Structure formats: structure tokens, C-alpha cells
Amino acid sequence: MRTPKRKDAGAPLTTSRAGSQESAVKVLTGCISIVVVLVAWQVSASSGLVDASYTSSPLEIVKAAAELVTSGELAQNLPTTLFEFSIGYALAVVIGVPLGMLMGWRLRVRQVFEPLLYALYVTPSLALFPIFVLVWGIGTTSKIAIVFVDVLATVVINAMAGVQETDARTLRMAHAFGAGQMAQFWKIIAPSAMPTTVAGLRLGVGRGVITVIVAELYGGVVGLGVMISAYGSSFNVPPLIVLALLAGLFGLIVGSLLRRIERSVFRWE
Amino acid sequence: MAWTSVISTVRADDQGKIRERVYAVVLGGGLIFIGAVAWQLAVMAGAVDEFLTSSPVLVIEGVVKQIVSGELLVNIGISGLEFIVAFAVASVFGISLGLLMGRLRYVKYAIEPYVWLLYSSPVIALFPLIVLIFGLGAPSVVFIAIMLAIVPLIVNAMQGVDNVDPGLIKVVESFGGNELQLLRKVVLPASFPTIMAGVRLGMGRAVVGVVVGELFAGQGGIGYSIDKYASELNTTQVFSSVLIVIVAGLVLNFIARALERASSGWRTDL
Amino acid sequence: MSHITFDSVKISYKTSDGEVEAVGDFSAEIQKGEFIAIVGPSGCGKSSVLSAADGLLKPAAGNVYVSGEPVTGPGHGRAMVFQDASLMPWRSVESNVAFGLELRGVGKAERLRTARELVKLVGLEGRERSRPSQLSGGMRQRVGIARALAVDPEILLMDEPFGALDAQTRESMGMELLRIWENDRKTVLFVTHGIDEAILLADRVLVMSAGPRSRIVEDITIDLPRPRTREVRVGREFQVYRSRLSNLLFGEQDARTTEPATR
Ligand SMILES: Nc1ncnc2c1ncn2[C@@H]1O[C@H](COP(=O)(O)OP(=O)(O)OP(=O)(O)O)[C@@H](O)[C@H]1O
Ligand SMILES: [Mg+2]
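Chains as they are written, first to last, in our numbering: chain B, 1342 to 1610; chain A, 2 to 271; chain V, 145 to 407.
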């Protein structure tokens, strides 16, 4: 019957109730804010307060979106972008997760790869893209390569950090119970590194999506970025905004979906 | 006896540390060195076309050429200035906005959606529009860099404020402190580490913004030269410029980390 | 005129189920220089009452008066000591103690002088430059007390100040608090879970009923001689007060077993 315990017993109830109310307030305020901005944008554009050829307007954007869908233009370009992203991303995950975990687990492995990866991590990987274009041309391969490079650093560094955060006491305990190196890795290190590793995968999605589009923008044949580039050079603003928003929303939705999955899977965190 | 044993353990410790250093340099540098040598040998053996793939020797020569001709200095001047302006503006606006969002929850709820959208959107996709508004060159590049850098600055300042111990806020209230005192004496120092982490992340993204912004909308600077040399198919100079970007990225990251570490001592004075 | 008057204070909180009336009707008169302990089951609203007295929280109905004036916000005559000390980890001990004075615009030299005096008073001489993280829980609590005393309040509000300490430290901190209090006999409102602690320290113990709509069920005058020492605990009177309070708080049977061990 110590004080702190009794306090804790009552607390979660009130906070979770207040919490659900609070998140309702949050969503509501967010929605109101979005509606206000959209209306203000529309009004200022249609009243001629600002030059709509620069800013476009929500209605025009919706119209442009509908056109992009019905004309089949989106359907023509989207698969290429998704393909480039998926392959590059998958490669980065397949190589990055084991590499990162190995680097976290084995000092010597880490020492071999760290400088290179660190350099990759702190430099804007898109600066490498012109090289990739010189090597592989403006086709799909160079996009896959740049997504791979960009996502790889994030994935590796998070997987490595996850392993390094493993509780040393748990490891000692396992050792005391006679767990060998392999058992320690599979039964303790890998699971406890999971949350951070998966967080890295989530961050990688956001970065990869942006990277593939910017790369296509720089030089490509088909893809969302190529469309953006085309509409941009003819200063056709509404589809430009549609496509940028589309990419942003894709990253946002996939990101928060993954975050939600993370939360429910790794609830012990 | 006790003394000698202490000394010998210290020595063993030092030796261990030195040995680890050596391992780190030899192993990490080794990979890069072997890669470079293999590349060079492949070129020298004629296995790959030097015009297409360049070679480490050529790349280093290229860097030297850029230094001697003064091109490097000019580029660093342009990119550096863009970086400093963008980062300064992003810091001032981002941190203030983040603090405000942390203190006033309605402001936070109203603005948060846009921050996350900005975070996950390819801002550079809007570069034609940005160029139309700001013109080709530095102003557009700075704008792009601000948009990239500002997100972690906002988010971290906000989270820093969110995580301030409510007990400390109560202390200020109880002693009759006002909102300004609360900000200066509790909120800022308490959220300082988080804000500084945001500064480091913001610095990194500002670099990306400057380089990639120049790639698309620049009229000078390192990113611009990468693009220029690439369009001239001058592989060597592309590699040289990328090498310079990598070194700059490492240096800036080093500075940011040092700043972050040193900043924990400043808090007392705030 | 009494120093603090709680006049039918009602405190309610907004929750998603609507307003919850935590404290129903809290009325009490406290004289200048009195040491008052407030006890009651967890969640009955002790902290809320204290916050209302400090002016951190406005009663839904009724009023708190200090020297006849209604409390409208935190005021200079009152200072609070918090349960977890709530020290600023980035400040040294003396700078934490000087914090209240700093907020009130006292010059640096003067506030540091005052702070050092108080650091000495609470027995932390030599630790002026330490950081809170380098102190034990009891030491941290001393700093919290020194910080409150530094502004020289007429009224000291203490919310379970020793709640997080082990039994032994807790008792010696209580005795030390009494020693400091004997100097100038400030009016003290002291919230606690410990029955022994309440009897040992207070002139009067206010016993609150369980919430919601809690109120004072008993107002027990502790008629033990001052200055008090640990020895009062073994006296018969102490045991009488103790069983009376236990009965009020826990009911007859488990009076002995639920009493927090203070030895
Ligand atoms: N901010 C708040 N919002 C909603 N309800 C609250 C809030 N603060 C306190 N309460 C409720 O008011 C009641 C009284 O709380 P208070 O903290 O004053 O109790 P207490 O007697 O100090 O408890 P303890 O002994 O555990 O410290 C409790 O039921 C609590 O749940
Ligand atoms: Mg309480």
C-alpha cells in the first residue's frame, strides 16, 4: 500500500479517457484547419486576390486529378514509379537488415562498413544520381539504384542501432543459461532489435518515395516524376500539385500505417 | 605493488583503445582503399572504359584542379551561403513555431497535418513553380532548402516542449512566474537537447536541400556543377564534385554533433 | 482572524463523462503559525485542496481566504513543496534554491546569498554546486524545501513532500522540518499518507473522506508537547491518536497491518 502504487492504479483510467477525448479534439481541429485553408485558398484564387495561374485552386486541382485518372495517364505512369520504388526498396531491406544487424553484433564487421555507410548517410544521396545516369542511363535501373542507396543507409543504421540497444543484462542472463552465440542472436538480439529496425523500414519508405520521384524528375522516360517534369516545364500548375500531393499523401499514409502496425506489434516497447 | 598493478592496467587499457582505433581505421579505410585500388586496376587493365567510369587517380586530380582553379572556393562560397541563409531562416521560424505548437495545443493540432505533409512530400517536385516565383538560382535553392530543413526543427522543438516535466511548469506557476519566464527558464532549457537534435537533423536536410535544389534550380554551387558536368558527360568532374559533397556532409555532421554535445553545458546560462 | 480560511471549497474536474466533483465541501479555519496535516484516502482530493490554497486551481464554488483576502492566483505569501521535489536537473543546488527569488526579480548576488543560507539550514552545506542528479532522494527533497523557504513565505504548502522516501529518511526529514519550523513557526499545510508522520508533526490533523465529493470528516487536535522528539511515539497518547486515525482511514480490523512501516 505504498503511495506511488495507489496513484498509478487510478491514473491510466482518467488519462485514457481524457486521451480519447483529446484525440477527438485533435482530429477535429486538424480537419477544421484543413477546411479553412482550402476555402481560403479557393476564395482568394477565384476572387482574383492572388494570381491563380501560380497558386491554382482546390477545385482546379480536383478537376486535374480527375482528368489524370480518367485519361489513363496516371495508370500509365504510376506502375513504373511503384516498380522502381519497390525493387529498390526491397533490395535495400533484404541487404540492409542483415548487414545492419551483423554490424551491430560484430564489431569487426561494423568497423569495415561503417565509414562507407556513414558517408552515404550524411550526404544527399541524390547527388549520386547523375553518376547513376551516366552509368545506367535514364531508364529504370538508375532509379532502382538510387532508391536502393538512399534507403539502404537508413535501414542499415537503424538495424545496427537496434542491435546495439539490446539489453546487456538479458544477454548475460542468456549466456548464464548456456545460450550459444547463435541462440543469443536469434532468441534475444534479433527480437529486441526489431522495433528500431522496423522504424528504420518505415523511415525508408518516406525517403524512398521522395527519392524515386525526384530522380525521375531529373531524368526519366515514364513515371510520376516524368509527368511532373512535363507539366512543370509547361507551367501547368494544377496537375503539378496533384502529383506532388499524391506522392506526399502516399508517403504519409504508408508511413502512418506502418507506425500503427509497429505500435500494435511491438506493444512491449 | 598496488601502484604497479594500477599502472599496468591503465597501460593495458590504453593499448586496448589504441588497438581498437587501429582496427577501425584499417578495417574501415581498408574497404574503401581496396575498392579504390580495384577500380584503378580495372581502368589500368582496360577492363572498363576510363571515359565512362573515370578512375580514383583522375577523381583526385579533378579535385585538385577544382582547388587550383578556384572553382571549389567559388562553389563552396555559393552553396555555403545558401546553406547558411536557409538554415538560419529555418531554425528561427522552425524552432519558434515548434515552441508555440508545444505550448498551445490548438495551434499544434491545426498545423501538424501540414508539417507531416511537408515531411513526406517531394518539395523539389514543385521546383518549376518555385523557380517561377523566386527566379532561377540562389533564392529558389534557399527556399527548397528551408522547406526541407524546417520539418525536424519544428517537430523536435514541439516534442521538446511536450516532454517538459509538468512538475517544473507547476513550480514556475506556483512561484508566480509569467509565460516569458516559463519559456526562458524552464521550457527552453528542458527542451534544449531535443531542439539541438532537431538542429542536427535540420542541418543534414538543409544540405540535401541545397545540393538537390542546385541540381534542379541552381545557377552555381556544388550541386549545380554536378549537374553541369553530368550534362557534359564529364564523369571525372562529376565524381570529384560528389566527393566534395561527401566531405562537406561529413564535416557538417561533425560540427552538428559537436554543437549538440557542447550545448548541454549552455543550459545553465539560459 | 484566522490565517487561512477554506469556505465551502468545491473542486471539480472536467472529464469526458462531464464534471467530476472531486472535493465536495471543504471548510476549515487555520490559525497563523499552525502546523496542519491533511490525511485521507488516495484520490480524495488532498492535492487539489492544496493547489486551491496556492491559487494554482480555482475552486468551482466557495473560496480560499488568506488573511481575509480571497486567493485569485499564486501569491507571494505562499510557497509549495512538491512530492517529487521537481528540481531543474540542469541547475545546481543553489541555483535551484534561488529559483523562486529569481522569478520574483531579486538580484543575483542577493538571491545567491539567501540560497546559500538556506542550503545550510537544510543541512546541505558543501553541496551548493552539485546537480540534483548527484543527490539522494532525501537531499533533493531538502532542496525543494529550501527553495520554498527561500522566498520567505508566510504559508508553506507541502504535498506529500516525503512520500517518495524510505521510512527512516522520512522520519529524520520530518524531525528536521520541525526543527526548521520551530525557528519562525510559519503556517504549514502538510499533506501526507503517513499517520505517524501526521501525528508527529502537526498541531491538527484534518481527515478527509474518500472522493468524489470528499469533505473533512474529522479535525483532530494533537495535544502533544513541543518541541517534539522521536520519543513521543512511544507515549500512550501517541498510540491513542494513532488508533483513532487508523480507524478513521482504514476501519477497525486492519489498522495495524495497513499502517506504513515507519521504523
Ligand atoms: N487534472 C485532472 N483532471 C481530471 N481529474 C483530476 C485531475 N486532477 C485530479 N483529478 C481527480 O480528482 C480527484 C482528486 O485528486 P487529487 O490529486 O487531489 O487527490 P489526492 O488526494 O491528492 O490523491 P493522492 O493521495 O493519490 O495524491 C481524483 O479522483 C483525481 O482522479
Ligand atoms: Mg496528491
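Every residue, glycine too, gets a C-beta built ideally from N, C-alpha and C. Since the model is a prediction, treat every value here as computed from it, not as a measurement.
Does the beta carbon of Asp296 (chain V) come closer than 7 Å to any beta carbon on chain A?
Along the third sequence, read from residue 1 onward, the residue named residue 296 (chain V) stands at position 152. So no, Asp296 (chain V) is outside the interface.
Please state the DSSP three-state secondary structure of Lys264 (chain V).
Stepping through the third sequence from its first residue, residue 264 (chain V) is reached at position 120. Residue state, collapsed to three classes: helix.
Going by the C-beta, is Lys190 (chain V) closer than 6 Å to any heavy atom of ligand 1?
On the third sequence, residue 190 (chain V) is found 46 positions in, with the first residue counted as 1. Yes, since a heavy atom of ligand 1 falls inside the 6 Å radius drawn around the Cβ of Lys190 (chain V).
Just verifying my parser: in three-state terms, what is the DSSP assignment at Ser358 (chain V)?
Position 214 of the third sequence, counted from the start, is the residue given in the question as residue 358 (chain V). Three-state DSSP puts Ser358 (chain V) in a strand.
What does the alpha-carbon distance come out to for the pair Ile33 (chain A) and Leu1457 (chain B)?
For this step, residue 33 (chain A) is matched to residue 32 along the second sequence. For this step, residue 1457 (chain B) is matched to residue 116 along the first sequence. When rounded, the distance between both Cα atoms is 7 Å.
Taking only beta-carbon atoms, is Trp325 (chain V) less than 7 Å away from chain C?
No chain C is part of this structure, whose protein chains are labelled B, A and V.
Contact check, Leu345 (chain V) vs Phe179 (chain V), beta carbons under 7 Å:
Locating residue 345 (chain V) in the third sequence gives position 201, where the first residue counts as 1. Locating residue 179 (chain V) in the third sequence gives position 35, where the first residue counts as 1. Contact: yes.
Does the beta-carbon of Ala1502 (chain B), which I'm using as the reference point, lie nearer than 6 Å to any heavy atom of ligand 1?
For this step, residue 1502 (chain B) is matched to residue 161 along the first sequence. No - ligand 1 has no heavy atom lying nearer than 6 Å to the Cβ of Ala1502 (chain B).
Can you tell me whether Gly165 (chain V) is helix, strand or coil according to DSSP?
Here residue 165 (chain V) is taken as the residue at index 21 of the third sequence, counted from 1. One detail in the question is off: residue 165 (chain V) reads as Glu in this sequence, not Gly. In this structure, Glu165 (chain V) counts as strand in the three-state DSSP scheme.
CB of Ser353 (chain V) to nearest heavy atom of ligand 1: below 6 Å?
Here residue 353 (chain V) corresponds to residue number 209 of the third sequence, with the count starting at 1. False, no ligand heavy atom lies under 6 Å from that Cβ.
When DSSP builds the beta bridges, which residues end up paired with Arg185 (chain A)?
In the second sequence, counting from the first residue as 1, residue 185 (chain A) sits at position 184. Its beta-bridge partners do not exist; DSSP assigns none.
Mind listing the chain B neighbours of Asp228 (chain A)? Cutoff is C-beta to C-beta under 8 Å, in chain order.
Residue 228 (chain A) sits at position 227 when you count from the first residue of the second sequence. Simply Pro1471.
Along the chain, where does the beta strand (DSSP E) containing Asp303 (chain V) start, and where does it finish?
Taking the third sequence and counting its residues from 1, one reaches residue 303 (chain V) at position 159. Per DSSP, Asp303 (chain V) belongs to the beta strand (DSSP E) from 299-303.
Is the beta carbon of Val208 (chain A) less than 7 Å from the beta carbon of Gly178 (chain A)?
Taking the first residue of the second sequence as 1, we reach residue 208 (chain A) at position 207. Taking the first residue of the second sequence as 1, we reach residue 178 (chain A) at position 177. Cβ atoms of Val208 (chain A) and Gly178 (chain A): not closer than 7 Å.
Measuring CB atoms only, is the region 80-100 of chain A touching the region 1536-1543 of chain B, in the sense that at least three cross pairs come out at less than 8 Å?
no
Cut-off 6 Å between Cβ atoms - residues of its own chain near Thr1481 (chain B), not counting five sequence neighbours on either side
Position 140 of the first sequence, counted from the first residue, corresponds to residue 1481 (chain B). These residues qualify, in order along the chain: Glu1425.
Taking its Cβ as the centre, do 16 or more other Cβ atoms sit within 10 Å of Glu83 (chain A), making it buried, or is it exposed?
Locating residue 83 (chain A) in the second sequence gives position 82, counting from the first residue. The residue in question, Glu83 (chain A), is buried, as its Cβ has 16 or more Cβ neighbours within 10 Å.
Please state the DSSP three-state secondary structure of Asp1291 (chain B).
Summary: the structure shown does not reach residue 1291 (chain B), with chain B confined to residues 1342 through 1610, and so no result is reported for it.
Between the CA atoms of Met102 (chain A) and Leu392 (chain V) - distance to the nearest angstrom:
The residue given as residue 392 (chain V) occupies position 248 in the third sequence. The residue given as residue 102 (chain A) occupies position 101 in the second sequence. If you take the alpha carbons of Leu392 (chain V) and Met102 (chain A), they lie about 47 Å apart.
How is the beta strand (DSSP E) around Ile180 (chain V) delimited, first residue to last?
Taking the first residue of the third sequence as 1, we reach residue 180 (chain V) at position 36. Element bounds for Ile180 (chain V): 179-183.
Taking Cβ-Cβ distances shorter than 7 Å, what residues in chain B pair up with Gly199 (chain A)?
Mapped onto the second sequence, residue 199 (chain A) falls at position 198. None at all; the shortest Cβ gap to chain B is about 16 Å.
Opening and closing residue of the beta strand (DSSP E) in which Ile155 (chain V) lies:
Here the question's residue 155 (chain V) lines up with position 11 in the third sequence. 148-159 is the span of the beta strand (DSSP E), which, as asked, contains Ile155 (chain V).
Got a sec: is the Cβ-Cβ distance from Gly161 (chain A) to anything in chain V below 7 Å?
Counting from 1 along the second sequence, the entry for residue 161 (chain A) is found at position 160. Cβ-Cβ to chain V under 7 Å: no for Gly161 (chain A).
Could you name the residues that DSSP lists as bridge partners for Asn207 (chain V)?
Translated into positions along the third sequence, residue 207 (chain V) becomes position 63. Paired residue(s): V:Asp151.
I'd like the span of the alpha helix (DSSP H) that includes Thr236 (chain A), first residue to last.
For the purposes of this step, residue 236 (chain A) is identified with residue 235 of the second sequence, where counting begins at 1. Boundaries of the alpha helix (DSSP H) around Thr236 (chain A): 236-264.
If you measure from the beta carbon of Met352 (chain V) to each beta carbon in chain A, is any gap under 7 Å?
The sequence position of residue 352 (chain V) within the third sequence is 208, counting from 1. It does not: the Cβ of Met352 (chain V) has no partner Cβ on chain A nearer than 7 Å.
Of all Cβ atoms in chain V, is any one closer than 7 Å to the Cβ of Gln182 (chain A)?
Walking along the second sequence from the start, residue 182 (chain A) turns up at place 181. True, the Cβ-Cβ gap to chain V drops below 7 Å.
Counting only beta-carbon separations shorter than 7 Å, does Trp117 (chain A) have a partner in chain B?
Within the second sequence, residue 117 (chain A) is the residue found at index 116, counting from 1. For Trp117 (chain A), the answer is yes, since a Cβ of chain B falls inside 7 Å of its Cβ.
May I have the straight-line CA-CA distance separating Ala1531 (chain B) from Arg1451 (chain B), to the nearest angstrom?
On the first sequence, residue 1531 (chain B) is found 190 positions in, with the first residue counted as 1. On the first sequence, residue 1451 (chain B) is found 110 positions in, with the first residue counted as 1. Straight-line Cα distance between these residues: approximately 16 Å.
Chain-ordered chain B contacts of Gly250 (chain A) [CB-CB under 8 Å]:
The residue you call residue 250 (chain A) lines up with position 249 of the second sequence. Result: Ala1460, Val1463, Thr1464, Pro1465.
Residue range of the unbroken beta strand (DSSP E) whose run includes Leu350 (chain V)
On the third sequence, residue 350 (chain V) is found 206 positions in, with the first residue counted as 1. Where Leu350 (chain V) is concerned, the enclosing beta strand (DSSP E) stretches over 348-352.
Closer than 7 Å by C-beta to Asp163 (chain A): which residues in its own chain qualify, once you throw out the five before and the five after it? Chain order, please.
Numbered from its first residue, the second sequence carries residue 163 (chain A) at position 162. Cβ within range, chain order: Gly103.
Ile1569 (chain B), buried or exposed, once every other Cβ within 10 Å from all chains shown has been counted against 16
Looking up residue 1569 (chain B) in the first sequence gives position 228. When all chains shown are included, Ile1569 (chain B) counts as buried.
Note down, in chain order, every chain V residue with its Cβ under 9 Å from the Cβ of Leu53 (chain A).
Taking the second sequence and counting its residues from 1, the one referred to as residue 53 (chain A) is at position 52. Taking a Cβ-Cβ cut-off of 9 Å, Leu53 (chain A) has no neighbours in chain V, whose nearest Cβ is about 57 Å from it.
Return yes when at least one heavy atom of ligand 1 lies under 6 Å from the C-beta of Ala166 (chain V), else no.
Your numbering for residue 166 (chain V) matches position 22 in the third sequence. Residue side-chain check: Ala166 (chain V) places its Cβ nearer than 6 Å to a non-hydrogen atom of ligand 1.
Nearest-angstrom beta carbon gap, Ile148 (chain V) and Ile299 (chain V) [assumed within contact, 8 Å]:
Reading the third sequence from its first residue, position 155 is the one you call residue 299 (chain V). Reading the third sequence from its first residue, position 4 is the one you call residue 148 (chain V). That pair is a contact at about 7 Å.
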